[in-house]
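Take the sequence shown: its letters are residues 46 to 538, numbered as in the numbering used here. Note that CB positions come from ideal geometry on N, CA and C, so glycine has one too. Given the structure is predicted, the values throughout are model-derived calculations rather than measurements. Encoded as C-alpha cells, the structure appears first; notes follow it.
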Amino acid sequence: MSLLEMKNIKKSFNGVSVLEGVNLVLEKGSVHALMGENGAGKSTLMNILCGIHKCDEGEITVHGSRVEISSPFEAQNSGIAMIHQELSPIPELTVAENIFFGREYCRNHFLDYDRMFSETKEILNGLHIHIDPKSKMKKLKVADQQLIEIAKVVSRNAEIIVMDEPTSAITDKDAENLFEIIENLKKDGKGIIYISHKIDEVIKISDTVTVLRDGVFVNTWKTADITADVLITSMVGRKLDDYYPKMPVPIGDKILEVKNLSLENQFSDISFEVKAGEILGIAGLVGAGRTEVMKALFGITPADTGEIILNGKRIHPHKPIDAIKCGLAYVTEDRKGEGIIPQMSVLQNISLASMKMFTSRGFVNRKREAETIDKQIESLRIKTSSPKQKVLSLSGGNQQKVVLAKWLIKAPKLLILDEPTRGIDVGAKTEIYKLMGDFVSKGNAIIMVSSEMPEVMGMSDRIMVFSNRTLAGELIRGEFNQESIMRLAVSKL
Numbered sequence: 046m047s048l049l050e051m052k053n054i055k056k057s058f059n060g061v062s063v064l065e066g067v068n069l070v071l072e073k074g075s076v077h078a079l080m081g082e083n084g085a086g087k088s089t090l091m092n093i094l095c096g097i098h099k100c101d102e103g104e105i106t107v108h109g110s111r112v113e114i115s116s117p118f119e120a121q122n123s124g125i126a127m128i129h130q131e132l133s134p135i136p137e138l139t140v141a142e143n144i145f146f147g148r149e150y151c152r153n154h155f156l157d158y159d160r161m162f163s164e165t166k167e168i169l170n171g172l173h174i175h176i177d178p179k180s181k182m183k184k185l186k187v188a189d190q191q192l193i194e195i196a197k198v199v200s201r202n203a204e205i206i207v208m209d210e211p212t213s214a215i216t217d218k219d220a221e222n223l224f225e226i227i228e229n230l231k232k233d234g235k236g237i238i239y240i241s242h243k244i245d246e247v248i249k250i251s252d253t254v255t256v257l258r259d260g261v262f263v264n265t266w267k268t269a270d271i272t273a274d275v276l277i278t279s280m281v282g283r284k285l286d287d288y289y290p291k292m293p294v295p296i297g298d299k300i301l302e303v304k305n306l307s308l309e310n311q312f313s314d315i316s317f318e319v320k321a322g323e324i325l326g327i328a329g330l331v332g333a334g335r336t337e338v339m340k341a342l343f344g345i346t347p348a349d350t351g352e353i354i355l356n357g358k359r360i361h362p363h364k365p366i367d368a369i370k371c372g373l374a375y376v377t378e379d380r381k382g383e384g385i386i387p388q389m390s391v392l393q394n395i396s397l398a399s400m401k402m403f404t405s406r407g408f409v410n411r412k413r414e415a416e417t418i419d420k421q422i423e424s425l426r427i428k429t430s431s432p433k434q435k436v437l438s439l440s441g442g443n444q445q446k447v448v449l450a451k452w453l454i455k456a457p458k459l460l461i462l463d464e465p466t467r468g469i470d471v472g473a474k475t476e477i478y479k480l481m482g483d484f485v486s487k488g489n490a491i492i493m494v495s496s497e498m499p500e501v502m503g504m505s506d507r508i509m510v511f512s513n514r515t516l517a518g519e520l521i522r523g524e525f526n527q528e529s530i531m532r533l534a535v536s537k538l
C-alpha cells in the first residue's frame, strides 16, 4: 500500500486547464522528485495536496484511504506538510518558539519554556540537527532556518513532506547536510516530494521522478533507470541537442584588465583579463570571494588597492553609476532582492536604468520608451501578457530576462553575470545561454560567476578558480573538468 496516491487530478482556473489528469504515487520511506518547467503545474498540484486549492476532479488517498483536503488544516490532519522555497520564520522568536508556534505548552497560565526547549532538543537530536533551541531565528543562516522548518513539520507528525527548491539559496556543503537529514527522514518512514530544477541533484537524492509538462503528466520513472538527457527532453518537449549552446566566437582584443585588486577581509591580489568575444567563468566554493570581486568591479564595494583598466583606460568605479558610464553592467545573484522591483511593471523595470534615453527637457517620451521596451521583450522572448504586467507575476526565467533586458538597452561592452540561471527551469536556462552567446558574438565580453559546475564548464572559454578569497588558478577550455576545478577550489583552504 502506497503512502500517498494522487489519481487523475484535474484543475482549471477561469476556464483554463492547468492540470489534466495528473497522477503521483509516493511510497513510504522514499523521495519522489517532481520536475517540470515553470508553469508545468508542479505548484498547483502541491497546492491541491496541501489544501490551498481544491481539485475539480480526481482523488487523493493516504495509506489507502481516500481523504478530502479543502484547507491547510485538513492537510495537516492528514499528515501532509510543505516547506516552501521562501521561508517565513518569525525572526525575533527562538528556535523552540518557532517550532511550537500556535501550539505552545502552558503551565499555570504561563508559557512552559522548559518543556518546549526540552522537546525541541529531542526533536533536533532525533534528526541529527545541531542547533541550540534557544537561538533566535534571525541569527541562523538560511540553511539552518530550513532545517528548523523540517523539525517543525516532523514535530507535527507529518508523514508526507513537500520540499520546494530546498537547495536554491544554500551552499553545497549545507545541501549535503540537508541530504543527510532527508536520508534520516526516509529511515523513519517519511515520504518526501522533492521539487527541484537541479537535475544532478534529483538523480542523486530521489528514488522516483515524475515530470509534468504544460499541466500534463508525462511519465514517472525509477531514478536509477533515467538519464539527465531524457529528463530534459521530457520537461521541454523537444530534443536539446546541446544543453549548453556554446557558440564558436573569435576571441578579440583585451576589454578588461584587472591588476592586483584587493579589499581588506574580502579578497586579495586578484589579477586577470577578459577579451572581446570571451565568456570568462568564475568558479569556487561559496564564500571564496567571487561575488565580492564582481561588486568591486561594479563600484558597489570599491577595492582598496589595485587597478581596473577598461578598453585601455584606467577606471575608478566608486559607485555603480561610474561603472555603468564606462560600459559595465552587472546582473546580481539576488534577482528578487536587487535585480527587479517586484511591484513595478515589466516596462518600468526594463527602462529603469535608461530613463535618460527617453527623457528630454524633464519630460519622458512614453511612445519612444514603449517602442524600445517592446523590441527588448520581443528580442529576449520575454513571456508576458503585456509590458504593463507586474514583473512579480512572471516566472523566474522571465524575471531574469527582464533584468538582462534592463542592462542590454544600455549596450554595455562587459556584462557581469552572478549566478545567472539560479532558480529557473531548464528551458529558460538554455534561452539565457543563447542570449549570452549572441552578446559575445558582437564583440562584447561576459564574466560569469556560477556555482553550477556543468554550467560554468559548458559555457566558459576560460575558468578562473577562487579559493579562500584569492585566485587559485586558471584553466582553459579543453583542459578543465570537475576534478581540476575542485582541486583548485580547495587548494588554499
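Whole-angstrom distance between residue j and residue i, CA atom to CA atom
i: R335; j: V494; result: 7 Å
i: V76; j: G332; result: 30 Å
i: F343; j: V485; result: 19 Å
i: I354; j: G372; result: 12 Å
i: L285; j: G322; result: The predicted model places L285 with a pLDDT of 49, which falls under 50 and marks its position as unreliable, so this point remains unresolved.
i: R532; j: E497; result: 16 Å
i: S431; j: K446; result: 15 Å
i: L480; j: L425; result: 7 Å
i: A534; j: S512; result: 5 Å
i: I206; j: E102; result: 23 Å
i: N410; j: S438; result: 26 Å
i: L520; j: L459; result: 21 Å
i: R201; j: I176; result: 19 Å
i: A374; j: A490; result: 11 Å
i: I530; j: E464; result: 17 Å
i: T404; j: L462; result: 28 Å
i: G147; j: E204; result: 20 Å
i: K52; j: F224; result: 29 Å
i: F162; j: L156; result: 11 Å
i: T475; j: I277; result: 11 Å
i: G407; j: L306; result: 40 Å
i: Q444; j: V510; result: 28 Å
i: K608; j: K243; result: The chain is shown from 46 up to 538; residue 608 falls before or after that span and cannot be answered.
i: T377; j: K370; result: 18 Å
i: T165; j: I93; result: 30 Å
i: E423; j: A473; result: 15 Å
i: E167; j: T429; result: 49 Å
i: E528; j: S390; result: 44 Å
i: I366; j: I345; result: 9 Å
Nearest residue (CA-CA) to residue i, options the options
i: L308; options: R426, K340, P465; result: K340
i: Q434; options: M400, L392, R406; result: L392
i: Y289; options: I366, I54, I324; result: I324
i: P211; options: N122, V199, I237; result: I237
i: R507; options: K320, Q421, A196, H242; result: K320
i: Y478; options: K458, G86, F58, V501; result: V501
i: L317; options: K166, G351, G442; result: For the sequence presented, residue 317 should be read as Phe rather than Leu. The option with the nearest alpha carbon to F317 is G351.
i: F58; options: Q311, T404, G86; result: G86
i: H363; options: G488, M127, V376, D349; result: D349
i: M127; options: L71, V67, E149, K197; result: K197
i: R111; options: I360, D298, E50, G84; result: E50
i: K73; options: G234, G84, E383; result: G234
i: N394; options: A188, I296, I427, A368; result: I427
Bridge-paired residues (DSSP) for residue i
i: W452; result: In the DSSP output, where bridge partners are listed per residue, W452 has none listed.
i: M590; result: The structure shown does not extend to residue 590, since the chain is modelled only from 46 to 538, so the question has no answer here.
i: T346; result: None, per the DSSP bridge assignment.
i: I386; result: According to DSSP, which records beta bridges pairwise, I386 is partnered with nothing at all.
i: I205; result: I125, G236
i: N410; result: DSSP, once it has assigned bridges, lists no residue as partnering N410.
i: M498; result: None; M498 has no bridge partner.
i: N264; result: V256
i: S512; result: T515
Expected contact under 8 Å - CB spacing of residue i and residue j to nearest Å
i: S213; j: G468; result: 5 Å
i: M182; j: Q191; result: M182 to Q191, Cβ: 11 Å. No contact.
i: H129; j: D209; result: 5 Å
i: V281; j: V436; result: The Cβ separation is near 23 Å, so there is no contact.
i: C95; j: P117; result: 6 Å
i: I226; j: H173; result: 7 Å
i: K291; j: G503; result: 6 Å
i: G66; j: F262; result: 6 Å
i: E221; j: L132; result: Incorrect: roughly 19 Å between the Cβ atoms, too far for contact.
i: F492; j: I327; result: The amino acid occupying residue 492 in the given sequence is Ile; Phe does not appear at that position. The Cβ separation is near 6 Å, so the contact holds.
Given 8 Å, three or more beta-carbon pairs between the region 67-87 and the region 245-262 = yes
ask   = Below 8 Å, can you find three or more Cβ-Cβ pairs linking the region 393-401 to the region 446-457?
value = yes
ask   = Is it a yes or a no for the region 129-143 touching the region 171-181, going by three-plus beta-carbon pairs under 8 Å?
value = Short answer: they touch.
inquiry  = Tell me whether the region 261-277 and the region 102-113 touch, counting them as touching only if at least three CB pairs, one residue from each stretch, are closer than 8 Å.
reply    = Too few Cβ pairs lie closer than 8 Å, so no.
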